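Each remark here refers to the structure printed beneath this line.
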Amino acid sequence: MLQGKHHGAFDFIFVDADKDNYLNYHKRLIDLVKIGGVIAYDNTLWNGSVVAPPDAPLRKYVRYYRDFVLELNKALAADPRIEICQLPVGDGVTLCRSIS
Numbered sequence: 013m014l015q016g017k018h019h020g021a022f023d024f025i026f027v028d029a030d031k032d033n034y035l036n037y038h039k040r041l042i043d044l045v046k047i048g049g050v051i052a053y054d055n056t057l058w059n060g061s062v063v064a065p066p067d068a069p070l071r072k073y074v075r076y077y078r079d080f081v082l083e084l085n086k087a088l089a090a091d092p093r094i095e096i097c098q099l100p101v102g103d104g105v106t107l108c109r110s111i112s
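Position in the sequence shown counted from 1, then plus 12, gives you the working numbering.
Here's what the structure looks like:
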């Protein structure tokens with residue numbers, strides 16, 4: 013799919029996968045979604061841990077993936093190719109609308 017013929021072919025892509033690769037997925041998926049299309053990332057509030065202080069008591073797996081989710085959130089906020097909206101539904105969903 014990444015070899016060009018599907019470039020800009022998708023209206024909507026939903027990602028609920030291994031959190032440590034979300035940023036890698038974004039780097040590849042942004043080319044597959046058309047202008048005006050949406051990529052939705054699940055779990056972007058990650059049990060509320062993304063707003064917890066660094067020393068907050070968190071489950072081991074929550075703490076481990078927290079940094080990956082924070083890195084994704086920062087990268088999405090800085091990406092000029094998209095507009096984002098984070099929905100505080102469930103564990104958080106971030107919608108990224110392609111604008112270029």
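Where a beta carbon is used, it is the ideal one built from N, C-alpha and C, also for glycine.
All values derive from a computational prediction rather than experimental measurement.
What does the alpha-carbon distance come out to for the pair G49 and E83? Position 37 of the sequence shown, counted from the start, is the residue given in the question as residue 49. Position 71 of the sequence shown, counted from the start, is the residue given in the question as residue 83. Distance from the CA of G49 to the CA of E83, rounded to the nearest whole angstrom, comes to 23 Å.
Along the chain, where does the beta strand (DSSP E) containing A52 start, and where does it finish? What you label residue 52 is simply residue 40 of the sequence shown in a count that begins at 1. Taken as a continuous stretch (DSSP letters only), the beta strand (DSSP E) holding A52 covers 45-54.
Specify, as a first and last residue, the run of the alpha helix (DSSP H) that R93 falls within. For this step, residue 93 is matched to residue 81 along the sequence shown. Careful: R93 lies outside any alpha helix (DSSP H) and carries neither H nor E.
Which same chain residues, not among the five before or five after L107, have their C-beta less than 6 Å away from its C-beta? On the sequence shown, residue 107 is found 95 positions in, with the first residue counted as 1. Taken in chain order, the residues that qualify are V50, A52, C97.
Can you round the beta-carbon distance between A21 and K46 to whole angstroms, since I take them to be within the 8 Å contact cut? As a first step, residue 21 must be located in the sequence shown, where it is residue number 9. As a first step, residue 46 must be located in the sequence shown, where it is residue number 34. Confirmed, about 7 Å.
Quick one, which of V62, N85, A89 has its alpha-carbon nearest R75's? Counting from 1 along the sequence shown, the entry for residue 75 is found at position 63. When C-alpha distances from R75 are compared across V62, N85, A89, the shortest belongs to V62.
Around the C-beta of H18, are 16 or more other C-beta atoms found within 10 angstroms, so that it is buried, or is it exposed? In the sequence shown, residue 18 corresponds to position 6, counting from 1. Exposed: under 16 other Cβ atoms inside 10 Å.
Hey, how far is the Cα of P100 from the Cα of D30? As a working mapping, residue 100 is identified with position 88 in the sequence shown. As a working mapping, residue 30 is identified with position 18 in the sequence shown. One C-alpha to the other measures close to 20 Å.
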